[in-house]
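Note that the protein sequences, when read in sequence, are chains A and B.
FYI, our numbering numbers position 153 of the first sequence as 153, with every residue one higher than the one before it.
Counting from 1 along the second sequence, just add 270 to a position and that's the residue number in our numbering.
For each residue, glycine too, the CB sits at the ideal point set by N, CA and C.
There are 2 protein chains.
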Amino acid sequence: MPPSPDEPALAAVVPAGAAAGGRPASVQDAIRRDIIAGVLTPGARVTEASLAQRYDVSRVPVREALRGLESEGFIDSRPHVGSRVAPIPVPDADDLFAVRETLEVSTARSAARRAAALYSGDESPEDWWRIRREIAGLLDAGDAHVAAGDLDPLVGINDQIHIAIAELSGSATMTRLLRQLSWKIEWLYAAEVQPRGKRLWPDHRVIVGAIDAGDGERAAALMAAHVRESRIGYLLRYGVTTPSSDPVVAAEVARRRAPEAAPDRPSGRT
Amino acid sequence: MPPSPDEPALAAVVPAGAAAGGRPASVQDAIRRDIIAGVLTPGARVTEASLAQRYDVSRVPVREALRGLESEGFIDSRPHVGSRVAPIPVPDADDLFAVRETLEVSTARSAARRAAALYSGDESPEDWWRIRREIAGLLDAGDAHVAAGDLDPLVGINDQIHIAIAELSGSATMTRLLRQLSWKIEWLYAAEVQPRGKRLWPDHRVIVGAIDAGDGERAAALMAAHVRESRIGYLLRYGVTTPSSDPVVAAEVARRRAPEAAPDRPSGRT
DNA sequence: TCAGGGACGATTGCATACAATCACTTCTGT
DNA sequence: ACAGAAGTGATTGTATGCAATCGTCCCTGA
């Protein structure tokens, strides 16, 4: 049961970052976005003064932003010395995906259970439909981009859908953790050169469908397969040599890597 | 192979929090500690001025601390209005333990693998032995407390051991995530009235032994069983009614709850 | 008696100014 | 020529002061 699509769908793509909100959180978001986007490269020295000038604020909001980014792992800073952009956590990629799998499976299951409770009239949270509409808009926006062959925005939209599903689960704690994790994983993707495939995109509608149906176990299973697939895809494309901590994932990576070089590539090169 | 125990072992218990370090992070740590300890109760209004007076600093460090605590989920704050201590995430308990399980299994495995690489002479990180000594001290300290029947400090020591194992894994990202998770779980325990059992304490030496032996899969399996057991224990003691998202855990909770009321209690009360 | 509007108090958000600390350079002595 | 130490510049850490914003109380009017 899709919600009323009378809201402007594409608008949901923009406000995720919250650019000029006047709050220091926006400075933190802005810096983080620049780090993830590669504008601020790992190892680069960042002084409070330069950031203050760059984002046209005083040093105070910059300081608060830097502290937050430090606790998120994007900034390494030493007292009285200064701050640097942290290295991209490529060695942690497999583990990050593993944690994400656990998190998202939980949130998908909870979201579906909450949907079931909603339809049976047990509770009617006001946020539900707003988030549900936002997801509908994101799905449509992603479809449009896929149809247009413009795959770059898909990474961000993808993350927003997953976070919105977490919000649907009603757990602020899980949503917060997942958001942090998504930033890290987005950063990982930024370190990669090859474009991401669009093969996994249709999964989202199926997962949201399971949530709408209130089928917790199905939503969980679908989400598990979805995240696992993206994990395998990342490990394959990035050419991570150390085997995954998950035996199933490791085996699948090995299997796909072994027989023919690259199915996508025209001429296989051993 | 236990490391040289010539260092002051008990000293490792104290500096984990880092009380008066002069840095704003210490203010953040102090406030978080008070929240977890229950000094600042959930829902309590906290103004920057009152906190500044309480910790004898200016409003600026307090502001930075509040921002950090907000992104960690300990503080809910609204712009221009104020901040409150967030509610204890009891509904997320099962999920938090699930994520912790994934995280810790990964860190234990990585730590053991790194130990194996260390013994084969591939690399010799300088931090390794320092952390390994710290763990040894924590294990001894915990043993002493257990022998003395003083179980209260065990919760903190327990967390420190798990975090130290994460540090042993060499992944700053995983360590950071786990630290955040540990704070949350410690907070959950603070909401509980019954004392924690000491039954799981001996597990730690076995896990560390597997790490020392460089046996990654054994360390991972042991850690999985250990965290799962603490998860079951929490769900049982706290009387969480909704079944765990993990079928195995849910079944075990149901099984132990069904037959006799409470094996620990002298006179079972249905 | 109750609804609506305006003013006040309190608190946050921000910018500026100053003190403390560290890294680097340069100077001196052997 | 080289080692060590003091000075200097830059950057962070903190305090104070002011402006913007929100919640609340009270006042006015019907």
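query	result
Where the beta strand (DSSP E) through B/R488 begins and ends	Premise fails: B/R488 lies in the alpha helix (DSSP H), G486 to Y508, not in any beta strand (DSSP E).
Short CB-CB distance (under 8 Å) between A/G68 and chain B	yes
Pairwise C-alpha distance: A/A65 and B/G440	26 Å
DSSP beta-bridge partners of A/I211	Paired residue(s): none; A/I211 is not in a bridge.
Within 7 Å of chain B by C-beta, residues of the region 100–123 of chain A in sequence order	T102, L103, S106 and R109
Endpoints, alpha helix (DSSP H) assigned at A/G137	E126 to A148
Minimum Cβ-Cβ distance from B/L458 to chain A less than 8 Å	no
Own chain, CB closer than 8 Å to B/L366, minus 5 neighbours either side, in chain order	P359, L451, K454, I455 and L458
Contact with chain A by B/M493, beta-carbon distance below 8 Å	no
Closest Cα partner of A/T107 within the set A/D76, A/D143 and A/L168	A/L168
A/W201: CB within 7 Å of a non-hydrogen atom of the ligand ATP	By its list of ligands, the structure shown contains no ligand whatsoever, and the ligand ATP lies outside what it can speak to.
8 Å Cβ cutoff, B/A528 in contact with chain A	no
Cβ separation of A/S71 and A/S77, assumed to be a contact under 8 Å, to the nearest whole Å	Actually they do not touch by this definition, with Cβ atoms about 11 Å apart.
Residue-level contact to chain B via CB, A/A52, 8 Å cutoff	no
Reduced DSSP category for A/A20 - H, G, I as helix; E, B as strand; rest coil	Because A/A20 carries a pLDDT of 35, less than 50, the predicted location of this residue cannot be relied on, and the following value inherits that uncertainty. Correct three-state label for A/A20: coil.
Chain A contacts made by the region 491–525 of chain B, where a contact means CB separation under 8 Å	S515
Three-way DSSP call (helix, strand, coil) for A/S169 in this model	helix
Residue burial classification, B/H474 (beta-carbon count within 10 angstroms, cutoff 16)	buried
B/G407 versus B/A460 - alpha carbon distance	25 Å
Beta-carbon gap between B/T443 and A/D92 smaller than 8 Å	yes
Start-to-end residues for the beta strand (DSSP E) that takes in B/S353	G352 to V355
Beta-carbon separation (whole angstroms), B/E318 vs B/V332, contact threshold 8 Å	5 Å
A/L235 vs A/S244 beta-carbon contact at 8 Å	yes
Per-residue DSSP class, three states only, for B/I431	helix
Local Cβ density within 10 Å of B/G291, reported as buried at 16 or more and exposed below that	With a pLDDT of 39 at B/G291, under the threshold of 50, the modelled position of that residue is not reliable, and the figure given next carries that caveat. Counting Cβ neighbours within 10 Å, B/G291 comes out exposed, since fewer than 16 surround it.
Residue-chain proximity (A/R176, chain B), Cβ-Cβ < 8 Å	yes
Whole-Å CB distance - A/R54 paired with A/G216, under 8 Å assumed	Not really, about 46 Å apart at Cβ, beyond 8 Å.
CB contact flag (A/A219, A/A210, <8 Å)	yes
Opening and closing residue of the beta strand (DSSP E) in which B/D364 lies	Looking at the DSSP string, B/D364 is not in any beta strand (DSSP E); the run it does join, the alpha helix (DSSP H), is A363 to Y389.
Proximity test, Cβ basis, 8 Å: A/L96 and chain B	yes
Extent of the continuous alpha helix (DSSP H) run through B/S341	R329 to E342
Collapsed DSSP secondary structure at B/D304 in the structure displayed	helix
Counted within 10 angstroms of its Cβ, other Cβ atoms place A/S110 as buried (16 or more) or exposed	buried
As assigned by DSSP and simplified to three states, the class of B/R469	coil
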